[in-house]
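Undergrad: Shown below is the structure under consideration.
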Amino acid sequence: MPFTLQLIPRDQHNVSRKDISPNALRVLYRLREAGFGAYLVGGAVRDLLVELQPKDFDVATDATPEQVKQLFRNCRLIGRRFRLAHVVYGREIIEVATFRANVDDGSGDRELDNGRLVRDNVYGSIEDDAVRRDFTCNALYYAIEDFSVRDYTGGFADVQARLMRMIGDPEQRYREDPVRMLRAVRLAAKLDFEIEPSTAEPIPRLAGLLAEAAPARLFEEVLKLFLSGDGVASFEGLERYGLLAGLFPESAAALHSNRSGALRRMLIEGLRNTDARVANDEPVSPAFLFALLLWPAYCRALMALQKQGMQLEEAQRRAADRVTLHQLSTVALPRRFSLPMQEIWLLQSRFTSRQKKRVVRTLSHPRFRAAFDFLILRQSASAEHEADIAYWRELQQQPGYAPPPRGFDPEIDYVGDEVAMAPADSEETPKRRRRRRRRPDAAAPAE
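Letter 146 of the sequence shown, counting from 1, is numbered 146 in full-length UniProt numbering, and no numbers are missing.
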């Protein structure tokens, strides 16, 4: 792809050092003082241009990882597909990447499998680095030497026009890495951008390529899509571009056949609530999220088993296991999330019971609070649960009621970017972060 440098001087953009992490600035200045090029790059520059606060500050340089390590005692090298330097300042990690190229020039190796990128280990120039990135808005470089923004792909104009545009041939880039289709939807939702027509056109045709992506990687992508504060917009984008079935095939089929739209209303309401929790910096739960996203599939499976004459309790267990097992072939849902998810589902039928012993067991169940929240969510799609909600709410308000522990559970709760399997806008090796400890009284519904 031909490139032309457009240099945007400091007085023509709004990226300011006061909005950049002091640790990122230390890395930039140290590299520059050592004679290397040093640029803030990617999502941080893009976010600052649209007046969002970046979660990560990544640096690009012509220094090799080994040279970076020599400059910083607090540096460790990671990665096999592409070596990266992580400069560690307490809880903050500044990722430093060497410029890389899109073609094999003998300095490394770049392997393709049926057009899909499997290894990428070639160093290059800043121009090479820019054109190998995914979207133009992610190929912007803030130069610490003169505070300019350097643009090789037209990304600055696209940010101003609020457009997501693929660099290079969109179909080829999606075939190299099908997860880029999810990134297009997620970033458009996050930034309130439109996906440029030629970038959007191949997505519905190529949605089936998601089956080639690793289920563990798709699990990470689902968390980014729905637990970053833009879940409703992300869901609508997945629907619009035919990607929902690639992630949740059985739920997508159930939603399609649900003529009343009740299941979709419930999903949207649940995602809206999750977005509000993220906006308020409250913990959110992957177990609850997957209980929501797979509820349509569970309802469909349960109905089919009951039509075969199976008793309710057995049908519920079978449906929960079947949906979970089928989903694992697409998205690798860990057991620490799938088991609480199933408990949330199985507790739903208990809310119709008024038998004293059963009521006591339900109230003391560790997933009761999450299951009750889920019941309230179901009310958004159907008024038939109003009496049950009133009954169980009244029980919780009676003197002497001791709720099950609702403290923060590091195994199944998720706090914004704290799980951080990978940086929100990264295609590279994840940055592992230690989790902040939260006081029990500051925690969210368990599960």
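The beta-carbon is built from N, C-alpha and C at its ideal position, and this holds for glycine as well.
Since this is a predicted model, take the numbers as computed values, not measurements.
1. How many Å lie between Val88 and Gln172 at the Cα?
2. Cβ atoms of Val59 and Leu84: under 8 Å apart, would you say?
3. Between which two residues does the alpha helix (DSSP H) carrying Asp275 extend?
4. Looking at the unbroken beta strand (DSSP E) that takes in Ala85, where does it start and where does it end?
5. When burial is assigned at 16 or more other CB atoms within 10 Å of the CB, is Val360 buried or exposed?
6. Could you give the residue range of the alpha helix (DSSP H) that holds Leu31?
7. Going by beta-carbon coordinates alone, are Ser251 and Ala297 separated by less than 8 Å?
8. Give the C-beta separation of Asp158 and Arg150 to the nearest angstrom, bearing in mind that I take them to be a contact with Cβ-Cβ under 8 Å.
9. What does the alpha-carbon distance come out to for the pair Leu187 and Thr362?
10. Got a sec? Which residues, its chain only, sit under 8 Å from Phe193 by beta carbon, not counting five neighbours each side?
11. Am I right that Leu49 and Asn23 are in contact with their C-beta atoms under 8 Å? What's the rounded C-beta distance?
12. First and last residue of the beta strand (DSSP E) that includes Ala97?
13. Does the region 369-388 come close enough to the region 327-347 to have 3 or more Cβ pairs within less than 8 Å?
14. Cys299 lies in the alpha helix (DSSP H); which residues open and close that run?
15. Does the beta-carbon distance from Arg32 to Glu176 come in below 8 Å?
16. Here's a check: name, in chain order, each residue in its chain whose Cβ is nearer than 7 Å to the Cβ of Val27, leaving out the five neighbours to either side.
17. Is DSSP giving Thr330 helix, strand or coil here?
18. Exposed or buried, Met341, counting other C-beta atoms within 10 Å across all chains shown (16 or more means buried)?
19. Pick helix, strand or coil for Ala245, following the three-state DSSP scheme.
20. Do you know how far the Cα of Ser228 is from the Cα of Glu314?
21. Going by beta-carbon coordinates alone, are Ile167 and Arg217 separated by less than 8 Å?
22. Looking at the unbroken alpha helix (DSSP H) that takes in Val41, where does it start and where does it end?
23. Starting from the Cα of Tyr142, find the closest Cα among Gln311, Phe290, Lys357 and Gly42 and give me that residue.
24. Tell me the DSSP secondary structure of Met341 in three-state form.
25. In or out: Asn74 buried (at least 16 other Cβ within 10 Å) or exposed?
26. Smallest Cα separation from Gln316: which of Thr330, Leu328, Glu343 and Ala332?
27. Within a Cβ cutoff of 6 Å, which residues of the same chain sit near Ala213, ignoring the five residues on either side of it in sequence?
28. Where does Asn280 land, buried or exposed, given buried means 16+ other C-beta within 10 angstroms?
29. Expressed to the nearest angstrom, what Euclidean distance is found between the alpha-carbon atoms of Ser426 and Phe219?
30. Please state whether the Cβ-Cβ distance between Leu7 and Ser148 is less than 8 Å.
31. Within the continuous alpha helix (DSSP H) that includes Asp151, where are the two ends?
32. Alpha carbon to alpha carbon, how far is His326 from Asn102?
33. State yes or no: is the C-beta of Asp56 within less than 8 Å of the C-beta of Phe99?
34. Per DSSP, Tyr142 is paired with what?
35. Between the C-alpha atoms of Glu386 and Gln379, what's the straight-line distance to the nearest angstrom?
36. Cα-Cα, which of Leu293, Gly231 and Gly237 is closest to Ala200?
TA: So, from the listed chains and residues:
1. 36 Å
2. no
3. Ala262 to Ala279
4. Leu84 to Tyr89
5. exposed
6. Pro22 to Glu33
7. yes
8. The Cβ separation is near 15 Å, so there is no contact.
9. 41 Å
10. Cys137, Arg162, Leu163, Met164 and Leu187
11. Between Asn23 and Leu49 the Cβ distance is about 21 Å, and since that is not below 8 Å, they are no contact.
12. Glu92 to Thr98
13. yes
14. Trp295 to Lys307
15. no
16. Val59, Val87, Ile94 and Val96
17. coil
18. buried
19. helix
20. 36 Å
21. no
22. Per DSSP, Val41 belongs to no alpha helix (DSSP H); it is in the beta strand (DSSP E), Ala38 to Val41.
23. Gly42
24. helix
25. exposed
26. Glu343
27. Pro178 and Val179
28. exposed
29. At Ser426 the pLDDT is 46, less than 50, meaning the model places this residue with poor confidence; the figure from the coordinates comes in the next sentence. So the alpha carbons of these two residues sit roughly 15 Å apart.
30. yes
31. Run containing Asp151: none in the alpha helix (DSSP H); it sits in the beta strand (DSSP E), Val149 to Asp151.
32. 37 Å
33. no
34. Leu40 and Val149
35. 7 Å
36. Gly237
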